[in-house]
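Peer 1: Numbering (UniProt numbering), first residue to last: 1 to 460.
The beta-carbon is built from N, C-alpha and C at its ideal position, and this holds for glycine as well.
Structure incoming, see below.
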């Protein structure tokens, strides 16, 4: 139970589900319009490949059809996948007049709420983004580094010495604690533990749960009812923290994001939407990226040795290069999603209005035309060389919808890297590279980035 009686206006999870309806479109090309070619296999098989393994399916289709191809994917319909560097940039950076973001992200409304910045475009998006951006300015993020270090030290101290364990699970625990402490501002251990457990259920939406998005009536039945109850329980706890923070006489001196979001906003429901948006955008992605960072380093001893050599230098740029190279090869989102508002020229085709276009971030990040013959190799040094191809680097999207928490996430990854290597010596549980698998839109280590703590180290 929460510590306060929640009296704020709010939209329960069941109502959010009931008010949202998926819009499935099958755009028909008009005169002079056409969709790129694609496979003729049944839509059901294509859907299985897309949702379960697009990290292998997209490259295979690109090899067969080129940089632009069309797939049939349930429940969306036809999707055009863009893989060429310029096409990816055009779609990823395009604004509301060509490739709007909000309409594609409307699928998040049942979880986040109608006013999430992810589902807005144009003036509404700019207004909401202006509200949220100050909390992630560089100087504010820098002020949080010492607490990030403290939380990382506490996490590392709990790791066993000897037995192998999946590092991605430990990173999930750590990044959730960072969000609870630094985004929501909860320092009390008991409240933090209750809130973390509730929020973990919010972000751990399973494929089965997504059936409610299509059939909201399932929210009254068995496991789906429990999911809705879990979402509402998390809301109760969030509203309690919002209320507590709003009444805190020392709020102006607090460093957490929640305290800043409350400045000038009497709307608790909007603040709740903003908090859950930040949670879903910064929890799993940062945790998985951090796990991949160690998976890559532990299999590249020279890079690992170079990081260790610079641990005592606060300005060492090689750590930043490691983070960037990890995000290049293991982007936090495998692809983005856009839908055209009108006919659009792309890759030699004139696409009809209403076409779903998915620009592949993985494709642009490993394109040899941009990155050279070693495009698929983990080589952090490339970021220290003159003129790296930053136009082909979009791990956090780009344009007006670039991820709000990009600076926060990169700083957190660097802190985790430096702090972990100061306290433990890690080794992989096997020499071979860990294979990748798709989890929703995120590329995850199939075996959880399993590692061993070889020994503990005296902190620097």
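On the three-pair Cβ rule with 8 Å, is the stretch 43-55 touching the stretch 133-143?
Peer 2: Contact fails: fewer than three Cβ-Cβ distances are below 8 Å.
Peer 1: Mind checking whether residue 179 and residue 57 have CB atoms under 8 Å apart?
Peer 2: Against a cut-off of 8 Å, the Cβ pair of residue 57 and residue 179 comes out as no contact.
Peer 1: Please state whether DSSP places residue 371 in a helix, a strand or coil.
Peer 2: Residue 371 falls in the helix class under three-state DSSP.
Peer 1: Would you kindly report the start and end of the unbroken beta strand (DSSP E) that includes residue 301?
Peer 2: No beta strand (DSSP E) holds residue 301; the alpha helix (DSSP H) holding it covers 301-309.
Peer 1: What residue range is occupied by the uninterrupted alpha helix (DSSP H) comprising residue 503?
Peer 2: It is not possible to answer for residue 503, since the shown part of the chain is limited to 1 through 460.
Peer 1: Report the rounded CA-to-CA distance for residue 4 versus residue 15, giving the unit in angstroms.
Peer 2: Because the pLDDT at residue 4 is just 41, under 50, the model does not fix this residue reliably, and the value given afterwards should be weighed accordingly. Straight-line Cα distance between these residues: approximately 22 Å.
Peer 1: Indicate whether residue 332 and residue 395 have their beta-carbon atoms separated by less than 8 Å.
Peer 2: Yes, they are a contact pair.
Peer 1: Could you tell me whether the stretch 328-342 touches the stretch 277-291, where touching means 3 or more Cβ pairs closer than 8 Å?
Peer 2: Yes: at least three Cβ pairs fall under 8 Å.
Peer 1: Is the beta carbon of residue 324 sitting closer than 8 Å to the one on residue 371?
Peer 2: Contact: no.
Peer 1: Go through the stretch 113-167 residue by residue and report every complete run of the beta strand (DSSP E) that reaches 3 residues or more, in order.
Peer 2: Whole beta strand (DSSP E) segments, 3+ residues: zero.
Peer 1: How far does the beta strand (DSSP E) with residue 72 in it extend, from its first residue to its last?
Peer 2: Start and end: 68-73.
Peer 1: When you compare only the Cα positions, how much space is there between residue 98 and residue 296?
Peer 2: So the alpha carbons of these two residues sit roughly 37 Å apart.
Peer 1: Where do the N-terminal and C-terminal ends of the alpha helix (DSSP H) with residue 85 fall, by residue?
Peer 2: Residues 85-93.
Peer 1: Going along the chain, which residues of its own chain have a beta-carbon closer than 6 Å to the beta-carbon of residue 290, five neighbours each way excluded?
Peer 2: Hits under 6 Å: 171, 413, 416.
Peer 1: From this set, 278, 136, 234, 346, which residue's C-alpha is nearest residue 83's C-alpha?
Peer 2: Ranking 278, 136, 234, 346 by Cα distance to residue 83 puts 346 first.
Peer 1: Is the number of C-beta pairs between the stretch 352-367 and the stretch 78-92 that are closer than 8 Å three or more?
Peer 2: Yes, the stretch 352-367 touches the stretch 78-92.
Peer 1: What residues match up with residue 427 in a beta bridge as DSSP calls it?
Peer 2: DSSP, once it has assigned bridges, lists 452 as partnering residue 427.
Peer 1: Determine the direct distance from the alpha carbon of residue 112 to that of residue 483, and round the result to whole angstroms.
Peer 2: Absent from the model: residue 483. The displayed extent of the chain is 1 to 460, so no value can be given.
Peer 1: Relative to the C-alpha of residue 265, which candidate in 402, 65, 398, 127 has its C-alpha closest?
Peer 2: Comparing Cα-Cα distances from residue 265 to each of 402, 65, 398, 127, the minimum goes to 127.
Peer 1: What is the DSSP secondary structure of residue 335, counted as helix, strand or coil?
Peer 2: Residue 335: strand per DSSP, three-state reduction.
Peer 1: Curious, which full-length alpha helix (DSSP H) runs of at least 4 residues does the stretch 181-251 contain?
Peer 2: Complete alpha helix (DSSP H) runs here, min 4: 189-203, 211-214, 222-246.
Peer 1: Which residue wins for smallest C-alpha separation from residue 28, given the options 304, 350, 11?
Peer 2: Of the listed residues, the one whose Cα sits closest to residue 28 is 350.
Peer 1: Relative to the C-alpha of residue 308, which residue among 408, 33, 419, 118 is closest?
Peer 2: Ranking the options by Cα distance to residue 308, first place goes to 419.
Peer 1: Once you ignore the five residues that flank residue 225 on each side, which residues in its own chain have a CB closer than 8 Å to its CB?
Peer 2: Same-chain partners within the cutoff: 219.
Peer 1: Kindly indicate the opening and closing residues of the alpha helix (DSSP H) around residue 58.
Peer 2: Its alpha helix (DSSP H) spans residues 43-65.
Peer 1: Can you give the beta carbon distance from residue 198 to residue 234, rounded, assuming they're within the 8 Å contact cut?
Peer 2: Rounded, the Cβ-Cβ distance is 4 Å, consistent with contact.
Peer 1: According to DSSP, simplified to helix, strand and coil, what is residue 36?
Peer 2: Of the three classes helix, strand and coil, the one that applies to residue 36 here is coil, per DSSP.
Peer 1: Helix, strand or coil for residue 349? Go by DSSP, reduced to three states.
Peer 2: Looking at residue 349 - three-state DSSP - the assignment turns out to be strand.
Peer 1: Using CA atoms only, rank isn't needed, just tell me which of 455, 451, 458, 436 is closest to residue 55.
Peer 2: Comparing Cα positions, the closest option is 436.
Peer 1: What runs of the alpha helix (DSSP H), each 4 residues or longer, lie entirely inside the stretch 386-438?
Peer 2: Qualifying alpha helix (DSSP H) stretches, in chain order: 406-423.
Peer 1: Do you know offhand how far residue 340's Cα is from residue 162's?
Peer 2: C-alpha separation (whole angstroms): 53 Å.
Peer 1: In whole angstroms, give me the CA-to-CA distance for residue 18 and residue 215.
Peer 2: Roughly 9 Å separates the two Cα atoms.
Peer 1: Would you mind sorting residue 133 into buried or exposed? The rule is 16 or more other CB atoms within 10 Å of its CB.
Peer 2: When all chains shown are included, residue 133 counts as exposed.
Peer 1: Do residue 174 and residue 152 have their beta-carbon atoms positioned less than 8 Å apart in this structure?
Peer 2: Yes, the pair counts as a contact, with Cβ atoms nearer than the cut-off.
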